[in-house]
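*Asks:* According to the working numbering, the stretch in the sequence shown is residues 30 to 198, in order. Cβ coordinates follow ideal geometry from the N, Cα and C atoms, glycine included. What follows is a structure written as structure tokens; I'll ask about it next.
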Amino acid sequence: MNAIRLLSASAVLALALGFGTAVAADTDTVSASAKADIITAITVSKTSDLAFGRAAVPTSAGTTTIILSTGNVQSGTADFVSTQTTSNAVFAVSGEGTYAYTPQITVTSAGETGLTLSAMKGKCGAGADQSLTVGSATSLTGCALTAGADTVKVGGTLSIGTGAATGTK
């Protein structure tokens, strides 16, 4: 423990008032403790990857679009097949108490021919969807732990063009 020492009041007054004679051997001291409240650091771990589901490569000009909301609700256009399991990208956030935090999310695309990510959304806990910009870091606002825990979810739109190769991407 660190201690802070203070001069006694009479010694300080004697110095401040400029008394000609020194105060007789005053040895009073006062101590104070230095304290800090150390909390658990906020940690983030991945719970699931973003999985849009299944769709066919379009056979004519145009695109197939799969939309996956942050509530894990899937929809799409003509060549969309809704029988595949989907999943938002989900991240578990843990820490202590009800502290606020600001996650920064960067959505990047692997550059697969014929595939385009757009209209990406993210949200903390039960909060509202917030827009994410593909290729740029975006900070989500209004995020806070509840009893030391929260989740961050990411969803968005995947467009599949006629040049897309088949297989899991």
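(1) Can you tell me whether LYS75 is buried or exposed, with buried defined as 16 or more other CB within 10 angstroms of its CB?
(2) In angstroms with no decimal places, state the Cα-to-Cα distance between GLY151 and THR191.
(3) Under a three-way DSSP split, which group does PHE81 fall into?
(4) How big is the Cα-Cα spacing for LEU79 and ILE67?
(5) Please state whether DSSP places GLY116 in a helix, a strand or coil.
(6) Report buried or exposed for GLY196, applying the criterion of at least 16 other Cβ atoms within 10 angstroms of its Cβ.
(7) Quick one, which of THR170, ASP179, ALA85 and GLY91 has its alpha-carbon nearest ILE134's?
(8) Specify the secondary structure class of LYS152 as computed by DSSP and reduced to three states.
(9) Measuring only the C-alpha atoms, how far is ALA43 from ASP55?
(10) Is GLY105 helix, strand or coil when you go by DSSP?
(11) Give the straight-line distance between the Cα atoms of ALA166 and VAL59, rounded to the nearest whole angstrom.
(12) Tell me the rounded alpha-carbon separation between THR93 and VAL181.
(13) Who are the Cβ neighbours of GLY124 in its own chain at under 6 Å, not counting the five residues just before and after it?
(14) According to the neighbour-count rule (16 or more other Cβ atoms, all chains shown, within 10 Å of its Cβ), is SER188 buried or exposed?
*Replies:* Reading it off the structure:
(1) With fewer than 16 Cβ atoms within 10 Å of its Cβ, LYS75 is classed as exposed.
(2) 28 Å
(3) coil
(4) Rounded to whole angstroms, LEU79 to ILE67 spans 35 Å at the Cα level.
(5) Here residue 116 is Ser; the residue named in the question, Gly, does not match the sequence. In the three-state reduction of the DSSP assignment, SER116 falls in the strand class.
(6) An exposed status is given to GLY196, since fewer than 16 other beta-carbon atoms sit within 10 Å of its beta-carbon.
(7) THR170
(8) strand
(9) Bear in mind that a pLDDT of 47 at ALA43, under 50, signals an unreliable position, so the number given afterwards is only what the model happens to contain. Their Cα atoms are separated by approximately 11 Å.
(10) strand
(11) 52 Å
(12) 27 Å
(13) The residues are THR69, ILE71, LEU174 and GLY177.
(14) buried
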